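Undergrad: Sharing a structure with you now.
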Amino acid sequence: MVEFELSEDQEMMKELARGFADEELIPNAEKWDREGIFPEEAINEARSLGLLNCTIPADYGGLGLSFLDEAIINEELGRGDPGFATITGVTMLACHPLIYGGNEEQKKEYLGRVCRGKISAYCVTEPGCGSDVKAIETTAVLEGDSYILNGSKMWIGGAGYADWFYVLARTGKGTGHDSLSGFIVESATDGVEVGKKEEKMGQRSSDTRGVVFTNVRIPKKNIVGREGDGWLQAMISFDRSRPMLAAHALGNARGAMEEAWRYANERATFGKSIFEHQSIAFMLADMSTKIECARLLAHKAASKLDSGDRATLESAHAKRYAADIGMEVTTDAVQIFGGYGYSEEFPAARRMRGAKIYQIFGGTSQIQRLIISRETNKDYAQDVD
653 MVEFELSEDQ EMMKELARGF ADEELIPNAE KWDREGIFPE EAINEARSLG LLNCTIPADY
713 GGLGLSFLDE AIINEELGRG DPGFATITGV TMLACHPLIY GGNEEQKKEY LGRVCRGKIS
773 AYCVTEPGCG SDVKAIETTA VLEGDSYILN GSKMWIGGAG YADWFYVLAR TGKGTGHDSL
833 SGFIVESATD GVEVGKKEEK MGQRSSDTRG VVFTNVRIPK KNIVGREGDG WLQAMISFDR
893 SRPMLAAHAL GNARGAMEEA WRYANERATF GKSIFEHQSI AFMLADMSTK IECARLLAHK
953 AASKLDSGDR ATLESAHAKR YAADIGMEVT TDAVQIFGGY GYSEEFPAAR RMRGAKIYQI
1013 FGGTSQIQRL IISRETNKDY AQDVD
């Protein structure tokens, strides 16, 4: 039987996260975005409340919650401020390869650091490749008891504040995915150079930079799993992170809808509130339906992960749909606000700018469609055979 109601514990988590968003995120989001402030105090507060490190196992200092629990919390964080939600998400993205493929020593040390307040970053994307992960050019060459790492990574969330990186590099001579391996690289290691903070369209509170590795010596013990395991680690990490990105996107969309709905009841034209004009009421109705559908997809994907499934298809569905409707809903919110929506003095413009990135990072909407088509075609191809 499909369960549509949240448990009592999940309702409590949701209310806790919503209260934090109302009190700490929404009042500060505009300033953080305008000034590009990295909200360290708010991050620490969220951690102390039990809103971060949700799916890191309790044995390593995390909360040991389910993926569904995490999605519920993340929707509220996205509603509060999508930039803040992204900050928390990129740290978990770097943790997933270790949770899946790391050894006990790595998990206790590096997951433990994150749970004690450190930030980690996921270094996969490069200046010359994003969606095409197999085209990675960063190399790690074994020399004695160390690997020598050389290469550049781009668009790395949290890089300026990271204590350690998960880095995907090529250890073999081939060009396929079987020559990719994952490594833990401490940010203070000689040869690690973190670039300037990128000036972005939206989510300016989240820190995004390039990272260059020049003859960086990595202890052999810092390889995650074995040589050649990196591709699977990266793909599983994407599968696990996409329902959370969907939750962020639909949360931001929900925030935009709530603000637009209030405005529609306050703003009057032609002798009545603009909500009483059917054209506006129908826009809001469509927003609500899209958000409800996005939530169902995100929760289904998270629940599939909780069952032990990779949920590649479900995660792609959730991320693609939530990212696309997130852009649609926030754009419609700007339209409802009219001239005020185009002003940075009102939240609608910031939410629309913040929505766009969900169609790009974590796998573009086009890549999600590619995954959906390939995964779904497996059933139909079997019928033909």
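Heads up: the sequence shown begins at 653 in the working numbering, then just goes up one per residue.
Even glycine gets a Cβ: it sits at the ideal position worked out from N, Cα and C.
Just so it is clear, the structure is predicted and the values come from calculations on it, not from any experiment.
Could you tell me if residue 773 is buried or exposed, where buried requires 16 or more neighbouring beta carbons within 10 angstroms of its beta carbon?
TA: Answer is buried; the Cβ neighbour count reaches 16.
Undergrad: Taking the alpha-carbon of residue 794 as reference, which of 688, 701, 835, 938 has the nearest alpha-carbon?
TA: Of the listed residues, the one whose Cα sits closest to residue 794 is 835.
Undergrad: List the DSSP bridge partners of residue 838.
TA: Paired residues: 816.
Undergrad: Could you say which of 1004, 788, 880, 950 lies nearest to residue 912 if we only look at CA atoms?
TA: Out of 1004, 788, 880, 950, 1004 has the C-alpha closest to the C-alpha of residue 912.
Undergrad: Grouping DSSP H, G and I as helix and E and B as strand, with all else coil, what is residue 857?
TA: Note: residue 857 maps to coil in three-state DSSP.
Undergrad: Once the 5 residues before and after residue 980 are set aside, which same chain residues still bring their CB inside 7 Å of it?
TA: So the qualifying residues of the chain are 942.
Undergrad: Any chance the CB of residue 898 is under 7 Å from a heavy atom of the ligand ZN?
TA: Ligands are entirely absent from the displayed structure, and the ligand ZN is therefore not among its contents.
Undergrad: On the DSSP letters alone, give me the boundaries of the alpha helix (DSSP H) that residue 823 sits inside.
TA: From DSSP, residue 823 is part of no alpha helix (DSSP H); its letter is neither H nor E.
Undergrad: Roughly how many angstroms lie between the CA atoms of residue 916 and residue 904, to the nearest whole one?
TA: Distance between the alpha carbons of residue 916 and residue 904 is about 18 Å.
Undergrad: What does the Cβ neighbour count give for residue 1018, buried or exposed, with the cut at 16 atoms within 10 Å?
TA: Residue 1018 should be labelled exposed.
Undergrad: Assign residue 677 to one of three DSSP states: helix, strand, or coil.
TA: DSSP places residue 677 in helix when its eight states are reduced to three.
Undergrad: Assuming residue 732 and residue 677 make a contact with CB atoms under 8 Å, what is their CB distance in whole Å?
TA: Correct: roughly 3 Å between the Cβ atoms.
Undergrad: Going by the beta-carbon positions, is the gap between residue 726 and residue 800 smaller than 8 Å?
TA: Against a cut-off of 8 Å, the Cβ pair of residue 800 and residue 726 comes out as no contact.
Undergrad: Once you ignore the five residues that flank residue 824 on each side, which residues in its own chain have a CB closer than 6 Å to its CB?
TA: These residues qualify, in order along the chain: 831.
Undergrad: Leaving out five residues on either side along the sequence, give the residues of the same chain with a beta carbon under 6 Å from the beta carbon of residue 874.
TA: The answer, listed in chain order, is 835, 836.
Undergrad: Less than 8 Å between C-beta atoms, sequence neighbours within five positions excluded: which residues of the same chain meet that for residue 1008?
TA: Closer than 8 Å at the Cβ level, and outside the excluded window around residue 1008, lie 853, 854, 979.
Undergrad: Helix, strand or coil: how does DSSP classify residue 795 here?
TA: Strand.
Undergrad: Taking all protein chains shown into account, decide if residue 664 is buried (16 or more other Cβ within 10 angstroms of its Cβ) or exposed.
TA: So residue 664 counts as exposed.
Undergrad: May I ask you to report which of helix, strand or coil DSSP gives residue 934?
TA: Here residue 934 sits in helix by DSSP.
Undergrad: Look at residue 946 and residue 967 and say whether their C-beta atoms are less than 8 Å apart.
TA: Contact flag unset, no.
Undergrad: If you draw a straight line from the C-alpha of residue 661 to the C-alpha of residue 717, how long is it?
TA: If I take the Cα positions, the gap works out to 11 Å.
Undergrad: Report the residue ranges of all alpha helix (DSSP H) runs contained in full by the region 718-793; include only those spanning at least 4 residues, in chain order.
TA: Fully enclosed alpha helix (DSSP H) runs of 4 or longer: 719-732, 734-753, 764-767.
Undergrad: Taking the straight line between their C-alpha atoms, what separation do you get for residue 724 and residue 861?
TA: Residue 724 and residue 861: Cα-Cα distance of roughly 29 Å.
Undergrad: Could you pull the start and end residues of the alpha helix (DSSP H) that residue 997 belongs to?
TA: Element bounds for residue 997: n/a, residue is neither H nor E.
Undergrad: Taking the alpha-carbon of residue 748 as reference, which of 983, 891, 955, 681 has the nearest alpha-carbon?
TA: Comparing Cα-Cα distances from residue 748 to each of 983, 891, 955, 681, the minimum goes to 891.
Undergrad: Since residue 845 and residue 864 are thought to touch, with beta carbons under 8 Å apart, how far apart are those beta carbons, to the nearest angstrom?
TA: Contact flag correct, Cβ pair sits at about 4 Å.
Undergrad: Give every residue of the same chain whose Cβ lies closer than 6 Å to the Cβ of residue 829, excluding the five residues on either side of it in the sequence, and list them in chain order.
TA: Closer than 6 Å at the Cβ level, and outside the excluded window around residue 829, lie 786, 883.
Undergrad: Identify whether residue 803 lies in helix, strand or coil by the three-state DSSP scheme.
TA: Three-state result, residue 803: strand.
Undergrad: In three-state terms, what does DSSP make of residue 879?
TA: Residue state, collapsed to three classes: coil.
Undergrad: Assign residue 995 to one of two classes, buried (16 or more other C-beta atoms within 10 Å of its C-beta) or exposed (fewer than that).
TA: Classification of residue 995: exposed, given that the 10 Å Cβ count is below 16.
Undergrad: Cβ atoms of residue 895 and residue 950: under 8 Å apart, would you say?
TA: Contact flag set, yes.
Undergrad: Taking only the alpha-carbon atoms, compute the straight-line gap between residue 898 and residue 986 and give it to the nearest angstrom.
TA: Answer to the nearest angstrom: the Cα atoms are 21 Å apart.
Undergrad: Kindly indicate which residue of 671, 1015, 1034, 969 has the alpha-carbon position closest to the one of residue 1025.
TA: Taking only the C-alpha atoms, the option nearest residue 1025 is 969.
Undergrad: DSSP three-state call for residue 700: helix, strand or coil?
TA: Residue state, collapsed to three classes: helix.
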